[in-house]
Amino acid sequence: MSETELKLGEVAAELIRDGKVAYVIGYEKGSIADRSRPCFVTTPQDSTKLVWNEHCAVSLPKYLIGTKDKVGIVVKGCDGRAIVELIKDKQVDRDKVVVITPPCLGVKQTTQGSSEEILARYCERCPERTSPISDIQITDGSRKADAVQKPKRGTGSTKRSEGPASWKEEFQKCIRCLACIKSCPLCYCTECELDGSMSSLVSKLRIPSELPTFHLVRAMHMAGRCVGCGACEAACPADIPLTDLYARINDEVERIFGYVPGIDINEVAPVELPRPKVEGT
Amino acid sequence: MTSYYIEKSSSKRMIDELARKQKVIAPTKEGSGFSFKVVSSGEEACLEFTNTTISPKSVFLPQLEELFTYDIKNGRVKDAKGDGDEPVALVGARPCDSSALLILDRVMGGKYVDSYFDQNRKRTFVVGLSCSKPEPTCFCNVFNTGPIEGAGDDISLTGIGNGYIARPRTDRGKEFIKEHPDCFREATKREVELFERESDRVIESMGNQLKTEGLPERMAKAFDDPYWQELSRRCIECGVCSFVCPTCYCFEVTEEINGNEAKRSRGWDTCLSCRFSRMAGGLDPRPTKQDRLKHRFYHKLQYIPVTFGAISCVGCGRCVSRCPSNVDIREVIAKWQ
Numbered sequence: 001m002s003e004t005e006l007k008l009g010e011v012a013a014e015l016i017r018d019g020k021v022a023y024v025i026g027y028e029k030g031s032i033a034d035r036s037r038p039c040f041v042t043t044p045q046d047s048t049k050l051v052w053n054e055h056c057a058v059s060l061p062k063y064l065i066g067t068k069d070k071v072g073i074v075v076k077g078c079d080g081r082a083i084v085e086l087i088k089d090k091q092v093d094r095d096k097v098v099v100i101t102p103p104c105l106g107v108k109q110t111t112q113g114s115s116e117e118i119l120a121r122y123c124e125r126c127p128e129r130t131s132p133i134s135d136i137q138i139t140d141g142s143r144k145a146d147a148v149q150k151p152k153r154g155t156g157s158t159k160r161s162e163g164p165a166s167w168k169e170e171f172q173k174c175i176r177c178l179a180c181i182k183s184c185p186l187c188y189c190t191e192c193e194l195d196g197s198m199s200s201l202v203s204k205l206r207i208p209s210e211l212p213t214f215h216l217v218r219a220m221h222m223a224g225r226c227v228g229c230g231a232c233e234a235a236c237p238a239d240i241p242l243t244d245l246y247a248r249i250n251d252e253v254e255r256i257f258g259y260v261p262g263i264d265i266n267e268v269a270p271v272e273l274p275r276p277k278v279e280g281t
Numbered sequence: 282m283t284s285y286y287i288e289k290s291s292s293k294r295m296i297d298e299l300a301r302k303q304k305v306i307a308p309t310k311e312g313s314g315f316s317f318k319v320v321s322s323g324e325e326a327c328l329e330f331t332n333t334t335i336s337p338k339s340v341f342l343p344q345l346e347e348l349f350t351y352d353i354k355n356g357r358v359k360d361a362k363g364d365g366d367e368p369v370a371l372v373g374a375r376p377c378d379s380s381a382l383l384i385l386d387r388v389m390g391g392k393y394v395d396s397y398f399d400q401n402r403k404r405t406f407v408v409g410l411s412c413s414k415p416e417p418t419c420f421c422n423v424f425n426t427g428p429i430e431g432a433g434d435d436i437s438l439t440g441i442g443n444g445y446i447a448r449p450r451t452d453r454g455k456e457f458i459k460e461h462p463d464c465f466r467e468a469t470k471r472e473v474e475l476f477e478r479e480s481d482r483v484i485e486s487m488g489n490q491l492k493t494e495g496l497p498e499r500m501a502k503a504f505d506d507p508y509w510q511e512l513s514r515r516c517i518e519c520g521v522c523s524f525v526c527p528t529c530y531c532f533e534v535t536e537e538i539n540g541n542e543a544k545r546s547r548g549w550d551t552c553l554s555c556r557f558s559r560m561a562g563g564l565d566p567r568p569t570k571q572d573r574l575k576h577r578f579y580h581k582l583q584y585i586p587v588t589f590g591a592i593s594c595v596g597c598g599r600c601v602s603r604c605p606s607n608v609d610i611r612e613v614i615a616k617w618q
């Protein structure tokens, strides 16, 4: 057990013991090698199962949506940005969440057919690994307890050349399972416009010609909102490089509005900017 | 059973032969992985592959399938579709995926025949391929659905050195071998021995020791156990498990209207979706995430065994490796074994 994990366990145990939170959402060892999975620590004794490593990939803020209790949550930089966006969108109450931030190690993955682990593509694009929001900071011996940094702007820009050779081909790989939506921490709508049973924007089973519509509409809905956590890409059974697409669109949002999602809790999102006053009205 | 031998180099020719008379679907390289696709020659196929994310059940239950069109004015069916009866060959199906076909047969080809599925089953010739290197997530040995020779094969291939041992399981398979003496010859005693040794090696390399005797009975008593609540907490209901599953067969039906003509299609659905069991008027017999996740496991491990006599899991490990939250069916079986 690492020093960070020891401290993490202590912090979680204390929060639960003191009745400050109902439970702590974190990661535990998964059932397969190189996989950590979400866990819900409800007793101080259970807190020893918390782990912190490069395989803590799943986005945990998803579990905050709709929660009534006050809870603790262990986050990476991207997860912190997701929580900021959820607070801004009034999906999470700031007073009902205790954000615990160990130093983010990034997410490492093996690609199929190779045993070598590499940093996930979306982590390479991360504007700042330190969470913009934190109540309890956990540091390891090697790092100083740095104050919460203001994430940088413009460092995560994708190059135009990045991404797959043909989006058309990537979209045709889609099996219309909606896992991208279900796994996204920022997708909190109870009824999704892109879930064909609910609307006729795209047909229920999305015929091949509607797949680009589906993906482009989703991409537009992620504009200025995607925090680049990679949850969609990890869930996608067709291995479509979705974060490449959302990053491209976020670059445009940043270029036009100077807005980077999740980094400043007081900044108004471009979609919420007040309408300019029109002369004579 | 007579065993035959085919050189690995001849397997390309075998696919060429198949492609001359029918549509051939085989594993191909795609990105960093593999996927089953239509190939026009043996050169395009890649038989040295780790199993695909999407199972070849799509050959029998297409992910999107047009059923028929009809006139909306008089309701008369104009054009009953289905993919027709043009012959198809599925080459390189792993034993788990091939065995899954027999489970689908029980459900869709039993008392009530699904004509579209039935047509696809009848017209498809399956050349299975045994595994030589099971993944850590594989557990087909638990159900005897692998790792050597799948129950749905017409011909089963098992790699030994530079060739495959080919064993026909059906008359169709026997005939095909007989018709292609340029590809197949009878295996020597030594080759059969090598095959047996290779089979033992692969089976022994799989460590999973789960037991399934009495599982449906024990699960029947565990319906209200708090275990399900705890397990479902981390599930995000994405449904990837059912989309990648070779034995999940549930579909949804949709209509598209164009002028006076309507088209009815169906496509894969998942019981993890919050609308899967919601009825008109809003009543939902499975209103919570816990109900839905529990239903998926009960369907596979309890309802189908009781109704159709076989556990509806072949241990392919796809749901295990693809679940974003690491909900692991092996742990569920271990809990109630």
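The listed protein sequences correspond, in order, to chains A and B. Quick note: the first sequence uses the working numbering, first residue 1, plus one each step. Quick note: the second sequence uses the working numbering, first residue 282, plus one each step. From the three backbone atoms N, C-alpha and C, an ideal C-beta is built for every residue, glycine too.
Contact under 9 Å by Cβ, residue i with residue j
i, j, result
"SER284 (chain B)", "GLU467 (chain B)", "yes"
"CYS421 (chain B)", "GLY590 (chain B)", "no"
"PHE465 (chain B)", "GLY373 (chain B)", "no"
"ALA300 (chain A)", "ASP69 (chain A)", "Any answer about residue 300 (chain A) is impossible in this case: the structure gives chain A only from 1 up to 281."
"LYS29 (chain A)", "VAL11 (chain A)", "no"
"ASP244 (chain A)", "ARG129 (chain A)", "no"
"SER513 (chain B)", "LEU574 (chain B)", "yes"
"THR588 (chain B)", "LEU385 (chain B)", "no"
"LYS173 (chain A)", "ILE73 (chain A)", "no"
Backbone CA spacing between residue i and residue j [nearest angstrom]
i, j, result
"LYS299 (chain A)", "SER380 (chain B)", "In this structure chain A extends from 1 to 281, so residue 299 (chain A) is not present and cannot be described."
"LEU273 (chain A)", "TYR246 (chain A)", "21 Å"
"CYS78 (chain A)", "GLY106 (chain A)", "10 Å"
"LYS414 (chain B)", "MET487 (chain B)", "9 Å"
"LEU186 (chain A)", "ARG81 (chain A)", "10 Å"
"LEU382 (chain B)", "MET560 (chain B)", "30 Å"
"ARG453 (chain B)", "SER47 (chain A)", "59 Å"
"PRO132 (chain A)", "THR551 (chain B)", "37 Å"
"PRO308 (chain B)", "ASP434 (chain B)", "16 Å"
"ILE306 (chain B)", "ASP505 (chain B)", "44 Å"
"SER59 (chain A)", "LEU86 (chain A)", "13 Å"
"LYS144 (chain A)", "ILE138 (chain A)", "The predicted model places LYS144 (chain A) with a pLDDT of 47, which falls under 50 and marks its position as unreliable; any figure quoted below should be read in that light. If you take the alpha carbons of LYS144 (chain A) and ILE138 (chain A), they lie about 10 Å apart."
"ARG176 (chain A)", "MET220 (chain A)", "18 Å"
"ILE429 (chain B)", "LEU410 (chain B)", "8 Å"
"SER307 (chain A)", "GLY356 (chain B)", "Beyond the ends of chain A as shown, which are 1 and 281, falls residue 307 (chain A); an answer cannot be given."
"LYS289 (chain B)", "ASN443 (chain B)", "6 Å"
From the options, residue whose alpha carbon lies closest to that of residue i
i, options, result
"PRO103 (chain A)", "A:PRO237, A:LEU8 and A:GLU272", "A:LEU8"
"SER396 (chain B)", "B:ASP565, B:ILE436 and B:LEU342", "B:LEU342"
"VAL84 (chain A)", "A:CYS56, A:SER134, A:ILE118 and A:TYR63", "A:SER134"
"GLN618 (chain B)", "B:GLY520, B:LEU496 and B:VAL369", "B:LEU496"
"CYS327 (chain B)", "B:GLY314, B:MET389, B:ALA503 and B:GLU537", "B:GLY314"
"TYR286 (chain B)", "B:VAL473, B:LEU385 and B:PHE349", "B:VAL473"
"GLN571 (chain B)", "B:GLU477, B:LYS354 and B:VAL608", "B:VAL608"
"SER183 (chain A)", "B:ARG515, B:GLU460, B:PHE424 and B:GLU498", "B:ARG515"
"VAL601 (chain B)", "B:GLY520, B:VAL320 and B:ASN539", "B:GLY520"
"LEU299 (chain B)", "B:VAL483, B:ASP399 and B:PHE406", "B:PHE406"
"THR451 (chain B)", "B:TYR351, B:SER437 and B:VAL613", "B:SER437"
"ARG547 (chain B)", "B:VAL525, B:TYR530 and B:SER558", "B:TYR530"
"CYS192 (chain A)", "B:ARG556, B:VAL394, B:GLY431 and B:ARG545", "B:ARG556"
"GLU533 (chain B)", "A:LEU216, A:VAL268, A:PHE257 and A:ASP195", "A:ASP195"
DSSP-derived helix/strand/coil call for residue i
i, result
"LEU410 (chain B)", "strand"
"SER513 (chain B)", "helix"
"ILE32 (chain A)", "coil"
"LEU582 (chain B)", "helix"
"VAL234 (chain A)", "Per the sequence presented here, residue 234 (chain A) reads as Ala, with Val not at that position. Correct three-state label for ALA234 (chain A): helix."
"THR4 (chain A)", "helix"
"ALA591 (chain B)", "coil"
"GLY365 (chain B)", "coil"
"PRO328 (chain A)", "Outside the displayed span of chain A (1 to 281) sits residue 328 (chain A), for which this structure offers no information."
"ARG218 (chain A)", "helix"
"PRO449 (chain B)", "strand"
"PHE424 (chain B)", "coil"
Residue i - containing beta strand (DSSP E), residue span
i, result
"PRO103 (chain A)", "Premise fails: PRO103 (chain A) is in no beta strand (DSSP E) and is neither H nor E."
"PRO308 (chain B)", "304-311"
"LEU119 (chain A)", "117-119"
"THR230 (chain B)", "There is simply no residue 230 (chain B) to check, as chain B begins at 282 and stops at 618 in what is shown."
Residue i - containing alpha helix (DSSP H), residue span
i, result
"ARG437 (chain B)", "Here residue 437 (chain B) turns out to be Ser, not Arg, going by the sequence shown. Here SER437 (chain B) belongs to no alpha helix (DSSP H); instead the beta strand (DSSP E) covers 436-441."
"TYR246 (chain A)", "242-257"
"THR334 (chain B)", "Taken as a continuous stretch (DSSP letters only), THR334 (chain B) belongs to no alpha helix (DSSP H), as it is neither H nor E."
Check: residue i C-beta below 8 Å from any heavy atom of the ligand NAD
i, result
"LEU245 (chain A)", "For the structure depicted, the ligand NAD is absent and the ligand set is empty, with no information on it obtainable."
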